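Asks: In the working numbering, the protein residues as written are 185 to 972. All residues carry an ideal CB built from backbone N, CA and C; glycine is no exception. Quick caveat, the model's predicted, so the values are computed rather than measured.
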């Protein structure tokens, strides 16, 4: 039976090379695009799936009740408290990345980008495969555990365990002893590390930065990630009452924070509201890209159905004869389905090759490496095979059902099926393909327009010719450095700040309303130094800015924005007290964050403790000359620190890079969908031109010219594009309005976006049809009337 199906399939494909060729090309492009998208999606949803105890592993997140924020940071002491006081906890550890950590090789310090300070329990919680004994492996402050990659790098061709290596930790040289080597952590893991050292190495910088000596027992310093592994069959909800007791015990009757467990499976894709969460994915993008893959597959499947119904008249007689000879409907349906699935499977290798060739370009679009992850190999194979079978089955299902039901007598009389019914089906499918394309194009134009709007919007501060220089934590000589910066030619102003604007995170406090003290308003805070408002071009509309002439400004003054004054209900605000500080000025509203959110009530406060960046206002066109001088002065003042900077233009572009990339991705897949649909339309026009050869001959005999015949072809297809564009309008409005709802400041959906989509679709469709319609119009009437 299989052999017979195969012979029939090969004979049909050989007789219909154009049909086969167009479908091979369309299916291979659709599958290749879908394979790339699926590679991205599989990798994203597979994060943290490789840990055997993942259902028992949790991260502690910190809900700030007063500020209404959630952060991944927790105190150092929390892990110890959980181990000692929570019997449900099997293991607990804290972890923090070590900034500026290096290891010495050949008299040179090599930076280790992902050095993690943690405890020995990290190996139990994450079941990391380790060479060496994991018991108390990191208890010694001089212990270090290297990844396989780092071990091979620093100790090539030798066993590193027990060997000594000099490291640079917190700016000081330290002798470490290699206690073990762990297997490289897969890329699809929240936990990322090139080496582990003792967690106490993180205490000194925090103690210095906050001028304390008790960071290891201080419940207010939330700078560590706390991981726990619960014992088997423990319900995490049973820990809630104990957490409340712990909070009251260590933070008073009305604790400002609430600790919550977040399962490891949720950390990567469900942490959008968790600040300082580290590497994380975007569930919204996964949904968008899944929809794109589905629509592209749909376009290719429709092509198959369109072309199959176009050549069905030739198949009908074959099926009629087979039915006359006793073939069952089930057998005929199976044969036709086999043809479709056979074609899809022969497309599979070509699709994989195209996907592999397109992978480097896709990585640039997705802004991530599309790794072939070993642990996902079986998943890739199964999903790719399943997708191939599904597209083959879906493409052939309608054709097989339709042809197998045809009446034998009508087939042999050549009155089998209503040509009108087939034409309506093909018309509908082509219109759906064009709706998909027009929706893609208009969606791209909306997203692109929003992206450009975000870059050009007046944000209330200077968004050009500002250099943002990274000082790092605990750099006490920053004012001396700022004085040096001001001596550089073409620098007009410079000021220190804790964070740049637009801020990526948020620092908030709850401030009582002046009119109703029981009502508290959430206010964003920003720690800055002298000259910040002048450097950033903020507009003081009442009062004054911070000034060194007023000694009380340091740690005692604040500047509010207009929204804060309004929301707090303050009349004549200058000189009044808010949050323990004196209001000295009012600044015109500015976008503290991205345009995704409204302008919040904002307080600028003076400080000399938490300055981590310098904003430098420079003369336009002088950046190239400024940077070498700036680097030279930085190396003189801080030779052990990295020279890091970013322009404010780059910062703003990076904030909206996901919107930019989304518009590019959708536009590329829009071209894909139109390209695939155009192939189908090309083949369909050829088949229609052939079936209408006699009709065209009669028209020419009756006096119709070439232009009239070409016009009749073009008119039908122009009408299809018009209908598709009109139907795409509500579809685009619905989905784009949902997407734009993520922005507080946004563009409107312009009518011209649909006009552009209509013009592009019309040009492609009409040029596709023009080729065959012109050839058909030039046929000799005598030959046309002989055509069968």
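If you reduce the DSSP assignment to three classes, tell me which class residue 411 lands in.
Replies: Here the question's residue 411 lines up with position 227 in the chain shown. If DSSP states are grouped into helix, strand and coil, residue 411 belongs with the strands.
Asks: Residue 814 lies in the alpha helix (DSSP H); which residues open and close that run?
Replies: As a working mapping, residue 814 is identified with position 630 in the chain shown. It spans 807 to 821 - the alpha helix (DSSP H) in which residue 814 sits, taken as one unbroken run.
Asks: Taking only three categories from DSSP, how would you classify residue 282?
Replies: The residue you call residue 282 lines up with position 98 of the chain shown. Correct three-state label for residue 282: coil.
Asks: Going by beta carbon distance, what residues of the same chain come within less than 8 angstroms of residue 770, once the five residues before and after it are set aside?
Replies: As a first step, residue 770 is located in the chain shown; it is residue number 586 there, counting from the start. Here the set comprises 724, 725, 726, 727, 743, 744, 745, 746, 749, 757 and 758.
Asks: Residue 775: which of 705, 721 and 208 sits nearest, CA to CA?
Replies: One-based indexing of the chain shown puts residue 775 at position 591. Answer by Cα proximity: 721.
Asks: With a threshold of 7 angstroms on Cβ separation, who are the neighbours of residue 235 within its own chain once the five nearest residues in sequence on each side are excluded?
Replies: Walking along the chain shown from the start, residue 235 turns up at place 51. Counting only Cβ-Cβ distances below 7 angstroms, and skipping sequence neighbours, we find 241, 310, 311 and 448.
Asks: Report yes if the C-beta distance between residue 481 and residue 573 is below 7 angstroms; otherwise report no.
Replies: The residue given as residue 481 occupies position 297 in the chain shown. The residue given as residue 573 occupies position 389 in the chain shown. Result no, Cβ atoms of residue 481 and residue 573 do not sit closer than 7 angstroms.
Asks: Quick check: the stretch 350 to 357 against the stretch 272 to 292, are at least 3 beta-carbon pairs closer than 8 angstroms?
Replies: Yes, they touch.
Asks: Check whether the Cβ atoms of residue 850 and residue 624 sit closer than 7 angstroms, and answer yes or no.
Replies: Here residue 850 is taken as the residue at index 666 of the chain shown, counted from 1. Here residue 624 is taken as the residue at index 440 of the chain shown, counted from 1. Their beta carbons are under 7 angstroms apart, which means residue 850 touches residue 624 by this criterion.
Asks: Note down, in chain order, each residue of its chain lying with its Cβ closer than 7 angstroms to the Cβ of residue 249, except the 5 sequence neighbours on either side.
Replies: Here residue 249 refers to the residue found at position 65 of the chain shown. 440, 441 and 442, listed in sequence order.
Asks: Mapping the DSSP letters down to three states, classify residue 732 as helix, strand or coil.
Replies: Locating residue 732 in the chain shown gives position 548, where the first residue counts as 1. Coil at residue 732, not helix or strand.
Asks: Does the stretch 668 to 682 touch the stretch 790 to 807, meaning 3 or more C-beta pairs lie closer than 8 angstroms?
Replies: Yes, they touch.
Asks: What are the boundary residues of the alpha helix (DSSP H) that residue 433 is part of?
Replies: Locating residue 433 in the chain shown gives position 249, counting from the first residue. Here the alpha helix (DSSP H) through residue 433 covers 424 to 435.
Asks: Output yes or no for whether 7 angstroms exceeds the beta carbon distance between residue 276 and residue 300.
Replies: The sequence position of residue 276 within the chain shown is 92, counting from 1. The sequence position of residue 300 within the chain shown is 116, counting from 1. Going by C-beta atoms, residue 276 is not nearer than 7 angstroms to residue 300.
Asks: Using 8 angstroms as the threshold, is the stretch 542 to 559 in touch with the stretch 450 to 461, meaning 3 or more CB pairs across them?
Replies: The stretch 542 to 559 is not in contact with the stretch 450 to 461.
Asks: Buried or exposed for residue 824, going by 16 or more other Cβ atoms inside 10 Å?
Replies: The count along the chain shown starts at 1 and reaches residue 824 at position 640. Exposed.
Asks: Tell me, please, which residues DSSP counts as bridged to residue 445.
Replies: Residue numbering aside, residue 445 sits at position 261 when the chain shown is read from its first letter. Answer by DSSP bridge pairing, in chain order: 244.
Asks: I need the DSSP call for residue 971, collapsed to helix, strand or coil.
Replies: Counting from one through the chain shown, the residue named residue 971 turns up at place 787. Residue placement at residue 971 cannot be trusted, given a pLDDT of 47 that sits under 50; the coordinates are not used to answer.
Asks: Which residue from 391, 266 and 350 puts its Cα closest to that of residue 291?
Replies: Within the chain shown, numbered from 1, the residue matching residue 291 stands at position 107. Out of 391, 266 and 350, 350 has the C-alpha closest to the C-alpha of residue 291.
Asks: Check residue 869 in the structure and name its three-state DSSP category.
Replies: Taking the first residue of the chain shown as 1, we reach residue 869 at position 685. Residue 869 falls in the helix class under three-state DSSP.
Asks: Quick one: residues in its chain with C-beta nearer than 7 angstroms to the C-beta of residue 446, no 5 flanking neighbours on either side, listed in chain order?
Replies: The sequence position of residue 446 within the chain shown is 262, counting from 1. Here the set comprises 242, 243 and 245.
Asks: Tell me the DSSP secondary structure of residue 464 in three-state form.
Replies: As a first step, residue 464 is located in the chain shown; it is residue number 280 there, counting from the start. In the structure shown, residue 464 sits in coil (DSSP, three-state: anything other than H, G, I, E or B).
Asks: State buried or exposed for residue 981, treating a residue as buried only when at least 16 other CB atoms are found within 10 Å of its CB.
Replies: Any answer about residue 981 is impossible in this case: the structure gives the chain only from 185 up to 972.
Asks: Just to check my reading of the structure: residue 405 and residue 533 have Cβ atoms closer than 8 angstroms, yes? What is that Cβ distance to the nearest angstrom?
Replies: Position 221 of the chain shown, counted from the first residue, corresponds to residue 405. Position 349 of the chain shown, counted from the first residue, corresponds to residue 533. About 57 angstroms; that fails the 8 angstroms criterion.
Asks: Can you say whether residue 786 is buried or exposed, counting buried as having 16 or more other CB atoms within 10 angstroms of its CB?
Replies: The residue you call residue 786 lines up with position 602 of the chain shown. The residue in question, residue 786, is buried, as its Cβ has 16 or more Cβ neighbours within 10 Å.
Asks: What is the DSSP secondary structure of residue 708, reduced to helix, strand or coil?
Replies: Here residue 708 refers to the residue found at position 524 when the chain shown is read from its first residue. Looking at residue 708 - three-state DSSP - the assignment turns out to be strand.
Asks: Given a cut-off of 7 angstroms, decide if residue 615 and residue 907 are closer than it, judged by their beta-carbon atoms.
Replies: For this step, residue 907 is matched to residue 723 along the chain shown. For this step, residue 615 is matched to residue 431 along the chain shown. For residue 907 and residue 615, yes; Cβs fall inside 7 angstroms.
Asks: Judging by CA-CA distance, which residue of 295, 289 and 326 is the nearest neighbour of residue 303?
Replies: Position 119 of the chain shown, counting from 1, holds the residue named residue 303. Taking only the C-alpha atoms, the option nearest residue 303 is 326.
Asks: Going by the CB atoms, is the gap between residue 709 and residue 691 shorter than 7 angstroms?
Replies: Mapped onto the chain shown, residue 691 falls at position 507. Mapped onto the chain shown, residue 709 falls at position 525. Their beta carbons are under 7 angstroms apart, which means residue 691 touches residue 709 by this criterion.
Asks: If you reduce the DSSP assignment to three classes, tell me which class residue 914 lands in.
Replies: Taking the chain shown and counting its residues from 1, the one referred to as residue 914 is at position 730. Helix, per DSSP.
Asks: DSSP three-state label for residue 327, please.
Replies: Reading the chain shown from its first residue, position 143 is the one you call residue 327. In this structure, residue 327 counts as strand in the three-state DSSP scheme.
Asks: Residues bridged to residue 353 by DSSP?
Replies: Within the chain shown, the letter at position 169 stands for residue 353. Residue 353 pairs with 356.
Asks: According to DSSP, is residue 680 helix, strand or coil?
Replies: The count along the chain shown starts at 1 and reaches residue 680 at position 496. In the structure shown, residue 680 sits in a strand (DSSP, three-state: E or B).
Asks: Helix, strand or coil for residue 627, going by three-state DSSP, please let me know.
Replies: Start at 1 with the first residue of the chain shown, and residue 627 comes out as number 443. Helix at residue 627.
Asks: In angstroms, rounded to a whole number, what distance separates the CA positions of residue 852 and residue 942?
Replies: Within the chain shown, numbered from 1, the residue matching residue 852 stands at position 668. Within the chain shown, numbered from 1, the residue matching residue 942 stands at position 758. Approximately 17 angstroms, taken between the alpha carbons.
Asks: Since I believe residue 269 is in contact with residue 430 (beta carbons under 8 angstroms), could you give me their beta-carbon distance rounded to a whole number of angstroms?
Replies: Here the question's residue 430 lines up with position 246 in the chain shown. Here the question's residue 269 lines up with position 85 in the chain shown. That belief holds up - the Cβ atoms of residue 430 and residue 269 are roughly 7 angstroms apart, short of 8 angstroms.
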